[in-house]
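S.K.: The structure that follows is given in the form of C-alpha cells.
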Amino acid sequence: MVGVMKLPRTLLAYCGLPGYGTSADAVLADSSNRQHIRETAASQAFIWCGKQESDYITFGLPGLAPLIRVNNGQCVEKRVLGVNIPRENAEALRKIIARSRLLDKNHAIVEDDDYVVVPVLSMPPHPLLKEFHAKIVHRDFPNQESMRDPIDDIRDVAAIPEELKPLLPDKWELFGDVAVIKLDPRLKPYGRQAAEAYASVLRLKAVLEDVLGISGRFRVPTTKVLLGTDTVATHLENGVKYRFDAAQIMFSSGNVEERSRMADLDCDGEVIVDMFAGIGYFSLPLAVYQKPRKIIACEANPIAHKYLVENVKLNDVEKVVEPVLGDNRDLPGRNVADRVIMGYVKTTHEFLPVAMRLLKDGGILHYHETCPNELLPLRPVQRLVDNLHGGRAEILRLKAIKSYAPGVSHIVMDAKIFRPS
Ligand code: SAM
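In my numbering, the protein residues as written are 87 to 507.
What follows is the structure, given as C-alpha cells:
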C-alpha cells in the first residue's frame with residue numbers, strides 16, 4: 087500500500103503554480119548535468135525532484151528533472167487571447183493574422199528577446215499555429231493607445247444616466263454573437279439599455295447577465311437574458327466549433343490553453359475516455375486535430391449531451407467521438423483506456439476509482455482539481471497516490487490552468503499510471 091507519507095521529501099514542484107513561481111521557473115536537465123543542477127539547486131533553495139527508483143511513485147520525465155524555485159509569485163489575471171510566436175516567424179504570421187482580420191487592434195503587440203506575442207480576436211487555425219511554431223496564450227496586453235476601445239463606444243451609445251456609464255463593465259465573455267456580462271447592482275434597473283449598447287457596438291444577437299456564476303453538479307451558469315430571444319451560440323475557437331446555449335451551459339474562456347493543449351496531444355490509435363465531456367470541450371480538439379481510435383465522451387447533463395452530439399456532427403468527427411449520456415461511474419469496462427480525461431473541479435478526486443478502473447497499465451490520466459494554493463503541489467498528488475493501491479504513477483506535468491478563486495487554483499496533473507505487478 088502506498089501512502090503519501092512514503093513519498094520522497096524532495097516532493098515535486100513544477101512550473102506555473104501560484105506560490106511556486108508564475109512563469110515557467112522550471113529547468114529541464116538531461117542526466118549528464120543533473121548533478122550540477124542538483125548542486126546549484128541546493129545552493130539556491132531549489133527543490134529537486136527526479137526519478138525515485140525505489141519508490142512506487144516517480145516524478146519527472148525520464149531523463150529530465152524538473153526544478154522549481156519557491157518564490158511566492160502571484161498569479162497574473164489572464165485576459166486577452168494572444169499568439170506567442172518565435173521572433174523569426176513573427177512578422178510572417180502577424181501579416182497572415184492581420185489579413186485574416188484576427189488581429190486585436192485594441193491591444194499592443196508585446197515583444198521580448200525570443201518571442202513576439204500578438205493579441206488576437208479569436209484563435210487562428212491550429213495548423214497555422216503549428217506551421218509557425220506558435221502557441222496560443224491568454225495574458226494581459228497593454229492597450230493600443232491609438233485605437234478606440236469598444237467600451238468607449240458602448241458608454242457613448244448607452245441610454246443610461248451619465249453618472250452610471252463608468253460602471254458598464256469593460257470586459258465580457260463573447261461566444262460567437264452572444265455576450266455575457268456582469269452588472270454592478272446600480273446598473274440593474276438599466277439592464278436592457280446596457281445590453282442594447284453592447285449589442286449595437288459588438289453586433290450581438292443576445293446579451294446575458296451572469297447573475298450567480300457556475301454552480302451544481304452539472305456546472306450550470308445562472309444567467310438572466312437581458313436582450314434577445316436566441317441564446318444559442320456557435321463559438322469558434324482554434325478551428326473547433328462549439329455550439330451551446332449560453333443561458334444553460336458554461337464555457338470557460340480561462341481554459342483556452344488547456345483546450346489548445348489537447349489539440350496537440352499525440353494520441354494516434356488511442357482509446358480515450360473523456361469522463362466529464364460537457365459539450366466536447368476537450369474531446370473535440372483532440373478528435374479534430376489528432377488521430378485517436380475512439381473517444382468515449384461521457385456527459386450526465388442531458389442538455390450538455392444534446393449539444394455534444396450536435397458538436398460532434400458540426401465538427402465532422404462522428405467516426406471518432408462516441409457521446410454517452412449518463413454518469414461516468416456507470417461506464418463499463420476495466421483496462422480499456424489508453425488515456426482518461428477528468429475535466430471537472432471540486433470533487434474530481436471522488437471519481438479517481440472509476441478512472442483507475444478504466445485505464446490500461448501505462449495509460450495516461452489528465453486529472454483536474456481546484457486546490458488552495460497552500461496545499462499545492464501535494465494534495466492532488468496525495469489524492470492520486472491514495473488511489474494507486476499498490477500501483478505506481480509517474481507525474482509527467484502539474485500545472486495551474488487558471489486562478490479559480492482568491493488563493494485557489496484550477497490545476498491539471500498528467501500522470502502515467504502503472505498497475506501493481
Ligand atoms: N472542463 C470543462 C471546461 O474545460 O470548460 C468544464 C467542466 S464541464 C462543464 C463538466 C461536465 O461534467 C458538466 O457538463 C457536468 O454535467 C458533467 N458531469 C458532472 N458529473 C458527471 C458524471 N458523474 N458523469 C458524467 N458527467 C458528469
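A virtual CB, placed ideally from N, CA and C, is assigned to each residue, including glycine.
How would you call I300, buried or exposed, if buried means at least 16 neighbouring beta carbons within 10 angstroms?
M.R.: The residue in question, I300, is exposed, as its Cβ has fewer than 16 Cβ neighbours within 10 Å.
S.K.: If you draw a straight line from the C-alpha of S186 to the C-alpha of R420, how long is it?
M.R.: C-alpha separation (whole angstroms): 47 angstroms.
S.K.: For the segment 292-350, list the alpha helix (DSSP H) runs that are entirely contained and at least 4 residues long, ordered along the chain.
M.R.: Listed in chain order, they are 342-350.
S.K.: So, are the CB atoms of L322 and A280 less than 8 angstroms apart?
M.R.: Their beta carbons are not under 8 angstroms apart, which means L322 does not touch A280 by this criterion.
S.K.: Using DSSP's beta-bridge definition, name the partner residues of R425.
M.R.: I358 and I450, per the DSSP bridge assignment.
S.K.: Would the beta-carbon of D360 be found less than 7 angstroms away from any heavy atom of the ligand SAM?
M.R.: Checking the Cβ of D360 against the ligand SAM gives no.
S.K.: Expressed to the nearest angstrom, what Euclidean distance is found between the alpha-carbon atoms of N387 and G412?
M.R.: N387 and G412: Cα-Cα distance of roughly 8 angstroms.
S.K.: So the alpha helix (DSSP H) G262 belongs to, where does it begin and stop?
M.R.: Looking at the DSSP string, G262 is not in any alpha helix (DSSP H), and its letter there is neither H nor E.
S.K.: Taking just the CA atoms, how far does G355 sit from D242?
M.R.: Roughly 55 angstroms separates the two Cα atoms.
S.K.: Does any heavy atom of the ligand SAM sit closer than 7 angstroms to the C-beta of F261?
M.R.: Outside the cutoff, so no.
S.K.: Can you tell me which of V342, G449, L294 and R180 puts its alpha carbon nearest to the alpha carbon of L508?
M.R.: In this structure the chain extends from 87 to 507, so residue 508 is not present and cannot be described.
S.K.: Ends of the alpha helix (DSSP H) at A184?
M.R.: Counting along the chain, the alpha helix (DSSP H) containing A184 begins and ends at R173 to R185.
S.K.: Are three or more beta carbon pairs between the segment 385-405 and the segment 484-491 nearer than 8 angstroms?
M.R.: No, the segment 385-405 does not touch the segment 484-491.
S.K.: According to DSSP, is P492 helix, strand or coil?
M.R.: Three-state DSSP puts P492 in coil, outside helix and strand.
S.K.: Suppose you measure from the CA of E248 to the CA of D296; what does that come to, to the nearest Å?
M.R.: If I take the Cα positions, the gap works out to 23 angstroms.
S.K.: If we require 4 or more residues per run, which alpha helix (DSSP H) segments fall completely within the segment 200-285?
M.R.: Counting only runs of 4 or more, we get 212-217 and 236-243.
S.K.: The ligand SAM and F304: does the residue's C-beta get closer than 7 angstroms to at least one heavy atom of that ligand?
M.R.: At least one heavy atom of the ligand SAM is nearer than 7 angstroms to the Cβ of F304, so yes.
S.K.: DSSP has D500 in a bridge; who is on the other side?
M.R.: The partner list for D500 (beta bridge, DSSP) reads H452 and R483.
S.K.: Is any heavy atom of the ligand SAM found at a distance shorter than 7 angstroms from the C-beta of D331?
M.R.: Incorrect: D331 has no Cβ contact closer than 7 angstroms to the ligand SAM.
S.K.: Would D500 pass as a contact of H454 if the rule is Cβ separation under 8 angstroms?
M.R.: For D500 and H454, no; Cβs fall outside 8 angstroms.
S.K.: Would you tell me roughly how many angstroms separate the C-alpha atoms of V431 and T456, rounded to the nearest one?
M.R.: The straight-line gap from Cα to Cα measures roughly 6 angstroms.
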